[in-house]
Amino acid sequence: MYSYEKDFNSFFAREPKRALLKWTNDLNDGVPLWRRILLCLSGVAAFTNVLNVVLVIRGKLSSFFWGIIGAILYGTYAFAYGYVGDAQLYVLFFLPMQFVGIYIWSKQLDNQSTTRVKSLKLLGWLLILVLCVGLGFLFYYEIPAFAKLLTSQYFFETNFVAHLFDASTNAISVVAQFLLILCYWEQYILWATVNVIGIVMYSDSTRHQRAHRVDHVGNQFSCWSILMVSSMEKFEYRQENLNLIFDY
């Protein structure tokens, strides 16, 4: 079942002794069995989240169905990878917010089952910046505490960059999700920021120490790259096809 998953890391010359199969490398690196199993969700989690984004681009209510599935799968995968902040974000926040989004969007649909988009004014932007910074500060200290409560350790305790990114994606994503539900186009700027951070998070620059290393995850690296491009497409699509209603 697991032996056919290829390890993206094996294609890099700096790791000449790495096996082609990711399961084998994780086993040799001492990754626990439960983590190896959950890390196999990488591909399907990436697929469902990309599909969710494609539907969000078109303002389709069905995007929330895939959002539910993607939140469960990616949240589980992120927990196994070590990004506990992302895990709690997707399972404890994004998952229930999908149902809230279904309710709110269903009240704002037009005859093509799409929504109209609003735009923030300067005061709204200032509020967004304050919320992102404030939430980021809180998550920086909350995430390690939450991780230790569940597993007695936080893999990025001594990795400042990975720790900072874990907290930052949480903060920005929470604010962006509320903007999405409330139909503000500025959400796409925040999502683009999250996607850039996500690309770096799953690159080699924030990898674990060798005992817990699960680096160069090709599926998730590709997924965040696709989401980055999609954020730009969403912005262009909304600007060209929907009338903006300025608010706040």
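To get this note's numbering, take the position in the sequence shown, counting from 1, and add 150.
In this text, a Cβ means the ideal position worked out from N, Cα and C, and glycines have one as well.
Endpoints, the beta strand (DSSP E) within which residue i is located
i, result
"lysine 271", "That residue, lysine 271, is in no beta strand (DSSP E); it is neither H nor E in DSSP."
Continuous alpha helix (DSSP H) stretch holding residue i: start and end
i, result
"threonine 343", "337-351"
"arginine 186", "183-188"
"serine 213", "213-231"
"threonine 319", "310-331"
"glutamine 248", "245-256"
"lysine 172", "172-178"
"serine 192", "192-207"
"glutamine 303", "That residue, glutamine 303, is in no alpha helix (DSSP H); it is neither H nor E in DSSP."
"valine 241", "First-last for valine 241: undefined, no H or E at that position."
Burial state of residue i (16 or more Cβ within 10 Å)
i, result
"glutamate 336", "buried"
"proline 294", "buried"
"leucine 418", "The shown model of the chain, from 151 to 398, leaves out residue 418, and the question about it has no answer."
"leucine 239", "buried"
"glycine 232", "buried"
"threonine 198", "buried"
"glycine 180", "exposed"
Rounded Cβ spacing between residue i and residue j (contact assumed at less than 8 angstroms)
i, j, result
"serine 192", "tyrosine 227", "6 angstroms"
"glycine 251", "isoleucine 331", "5 angstroms"
"tyrosine 304", "valine 194", "That belief does not hold up - the Cβ atoms of tyrosine 304 and valine 194 are roughly 26 angstroms apart, past 8 angstroms."
"alanine 221", "valine 241", "7 angstroms"
C-beta neighbour in chain D for residue i, strict 7 angstroms
i, result
"phenylalanine 244", "Note that chain D does not occur in the displayed structure, where there is just one protein chain."
Residue closest to residue i, alpha-carbon to alpha-carbon, out of the options
i, options, result
"serine 318", "Trp341, Ser213, Leu300", "Trp341"
"glycine 209", "Cys333, Leu189, Ile322, Phe310", "Cys333"
"threonine 301", "Leu272, Trp184, Ile254, Tyr224", "Trp184"
"alanine 230", "Ile254, Val200, Leu189", "Leu189"
Contacting residues, own chain, Cβ-Cβ under 6 angstroms from residue i (five flanking each side not counted)
i, result
"leucine 281", "Val325"
"leucine 288", "none"
"alanine 403", "Because the chain in this structure spans residues 151 to 398, residue 403 falls outside the shown range and cannot be described."
Proximal residues to residue i (C-beta, below 7 angstroms), its chain only, five neighbours per side dropped
i, result
"valine 344", "Thr319, Ile322, Ser323, Ala326"
"phenylalanine 214", "Gln248, Gly251, Ile252"
"asparagine 202", "Ser213, Trp216, Gly217, Gly220"
Own chain residues within Cβ distance below 8 angstroms of residue i, not counting five before or after
i, result
"aspartate 316", "Tyr233, Val234, Gly235, Asp236, Phe289, Ile293, Phe306, Met351"
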